[in-house]
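Have a look at the structure below, then the notes.
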Amino acid sequence: MKTEELTSSLLERFLRFVQVWTTSDSISADSGNQPSTQRQFDLAHLLESELKSFGLEDVQITPHCYVYGRLPASTSCENLEPFCLLAHIDTVEEVSGENVNPQIHKNYDGKDILLKSGDILSAQNDQSLALSAKNHETIITSDGTTLLGADDKAGLAEIMTALEYLSKNPELPHGEIEVCFSPDEETGHGMDNVPLNLIKSKYAYTVDGGHIGELETECFNAFKSEVTFTGVSVHTGTARGKLVNAISMASNFVTNLPRQESPETTSGYEGFYAPMSIEGSIESAKVLLFLRDFDMENMEKRKALVESLASATALSFGGKAEVIHSQQYLNMKDGFKNRPDVIEKLVASYKKAGVEPAFTPIRGGTDGSRLTEMGIPCPNIFTGGHNYHSRTEWASLEQMMKAVEILINLCQNRK
């Protein structure tokens with residue numbers, strides 16, 4: 014396949030993928046349902062069909078909506094160690110992913126892009142977009158009424174395009190390549206039922222990053238804290254000295270969290286407290302809180318602060334408080350200590366494509382974070398997507414193509 018043909022195939026595939034509605038549901042996922050939404054099977058079946066058309070073997074969809082397949086090693090490469098490529102099927106629920114209407118902006122020159130929603134993409138306020146304008150890249154957005162879905166359909170399209178290229182060029186040497194596409198990554202449950210019985214690889218790579226050059230080998234330690242306040246319900250007309258309002262306790266608790274340590278006031282390696290929801294009544298109210306920190310010792314301090322603040326709040330109101338902490342994922346940094354070659358191979362593939370690796374911490378987590386915990390080291394590769402989880406999400410076709418090139422290089426790395 015020529016470069017133009019490969020680029021055209023990538024674009025067509027990406028546009029097709031983003032128009033499939035795959036929004037996940039965190040409440041359903043937290044209740045133990047996987048996939049959390051049956052619509053994720055729609056894209057899973059599409060991926061299954063394409064993988065079979067490329068000649069992959071053992072292609073299947075598990076009952077939990079994981080798509081698996083493997084590209085056999087080429088002749089004389091059977092002894093090379095296999096690895097797995099991963100991306101996720103679902104999109105985030107905070108912004109609609111239904112009826113996505115992608116817009117293509119060729120040879121982007123830096124002018125404001127006005128979306129149907131009234132939102133504006135401005136190169137003056139977005140350094141990454143300004144760089145794309147400088148290079149006159151092809152920019153893809155939604156029409157602004159939905160998100161685009163580059164997270165992570167760009168990753169899906171890039172892996173599929175690389176596999177298509179290898180299948181159509183059998184003379185290119187490569188070891189066995191496994192692929193696993195997962196549901197419910199956005200709910201934090203992407204690896205709950207990963208088919209480890211199928212995956213033979215001892216290392217893997219997720220394609221779920223952002224700007225070109227990003228190579229991620231560390232992420233947050235992540236915990237979820239559920240803080241439940243119990244009050245006393247009394248008729249409001251005779252409430253003096255008797256009523257204890259759980260809603261007021263929950264509100265006070267959230268207000269007293271460290272304002273300077275919230276998602277909107279931190280960056281880089283700074284951790285935070287993130288209130289995600291608050292609900293309830295006078296008698297009982299619950300706060301869902303996300304705790305994030307790169308350092309586990311600091312995480313323990315965050316958990317302790319939540320407990321002490323909840324206790325002090327309940328005491329001051331005359332009510333009760335209960336705190337339950339749940340681990341979501343851990344920093345994957347330590348998972349590479351015994352397999353530095355996993356990163357070295359990826360760095361070599363970046364440089365062969367003319368892309369300088371930028372080691373940036375993930376202010377979040379990926380399926381690779383969980384997989385690394387399970388003993389399969391899994392760094393994260395950029396996709397060329399930006400402004401994830403928003404109506405102003407956009408992707409650069411040229412950056413997406415560089416990700417494809419890196420994947421092809423990685424597959425052909427014989428060291």
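Numbering (our numbering), first residue to last: 14 to 428.
Every residue, glycine too, gets a C-beta built ideally from N, C-alpha and C.
Thinking residue i and residue j are a contact (beta carbons under 8 Å), I'd like their distance in whole angstroms, please.
i	j	result
G123	G162	The pair is not a contact, with the Cβ atoms about 24 Å apart (cut-off 8 Å).
I225	V80	Not confirmed; about 26 Å, so no contact.
E411	A366	Not quite, the Cβ-Cβ distance comes to about 12 Å (not below 8 Å), so this is no contact.
I113	Q32	This sequence places Val at residue 113; Ile is not what is there. Yes, they are in contact, since the Cβ atoms of V113 and Q32 sit about 5 Å apart, within 8 Å.
H402	L160	7 Å
L322	N258	With 8 Å as the limit, L322 and N258 do not qualify as a contact, their Cβ atoms being about 18 Å apart.
Measure from the alpha carbon of residue i to the alpha carbon of each residue in the options, then state which is nearest.
i	options	result
P392	L160, A217, M289 and S264	A217
L144	G397, R315 and E18	G397
S275	P186, A287 and F30	A287
D165	H248, E357 and R26	R26
S409	M312, L185 and A146	A146
Q64	I172, K213, F96 and T16	Contrary to the premise, residue 64 reads as Leu rather than Gln in this sequence. Selected option, being the one with the closest Cα: I172.
S155	T174, A175, D139 and I126	I126
H118	N269, F349, E150 and G281	E150
G45	T200, L322 and E313	T200
L19	V72, G223 and A170	A170
P76	D38, Y121 and S195	S195
P271	A298, T249 and K314	K314
L256	D221, I375, E107 and S294	S294
G131	I40, E227, T405 and D354	T405
Under three-state DSSP, which class holds residue i?
i	result
C232	strand
C424	helix
F96	strand
H402	coil
K365	helix
G188	coil
Q116	strand
K350	coil
K415	helix
F395	coil
L270	coil
I102	coil
G82	strand
E111	coil
S409	strand
Please specify which runs of the alpha helix (DSSP H), each continuous and at least 4 residues long, are wholly inside the stretch 281 to 340, giving them in chain order. Entirely contained in the stretch 281 to 340, the alpha helix (DSSP H) runs reaching 4 residues are, in chain order, 309 to 330.
Minimum length 4: unbroken alpha helix (DSSP H) runs contained in the stretch 124 to 184: Counting only runs of 4 or more residues that sit fully inside the stretch 124 to 184, the alpha helix (DSSP H) segments are 140 to 147 and 163 to 181, in chain order.
Three or more C-beta pairs below 8 Å linking the stretch 294 to 307 and the stretch 233 to 242: Yes, the stretch 294 to 307 is in contact with the stretch 233 to 242.
Quick check: the stretch 71 to 85 against the stretch 180 to 197, are at least 3 beta-carbon pairs closer than 8 Å? Touching, yes.
Assess, as a yes-or-no matter, whether the stretch 188 to 200 is touched by the stretch 96 to 111 under the definition of 3 or more beta carbon pairs within less than 8 Å. Touching, per the Cβ criterion.
Measuring CB atoms only, is the stretch 277 to 284 touching the stretch 324 to 344, in the sense that at least three cross pairs come out at less than 8 Å? Fewer than three beta-carbon pairs drawn from the stretch 277 to 284 and the stretch 324 to 344 are found closer than 8 Å, and the two stretches are therefore not classed as touching.
Could you check whether the stretch 197 to 211 touches the stretch 369 to 389, counting it as contact only if at least three pairs of C-beta atoms, one from each stretch, sit closer than 8 Å? Under the three-pair Cβ rule at 8 Å, the stretch 197 to 211 counts as touching the stretch 369 to 389.
What are the uninterrupted segments assigned as alpha helix (DSSP H) that are 4 or more residues long and contained completely in the stretch 36 to 75, given in chain order? Within the stretch 36 to 75, the alpha helix (DSSP H) runs of at least 4 residues that lie entirely inside it are, in chain order, 39 to 43 and 53 to 66.
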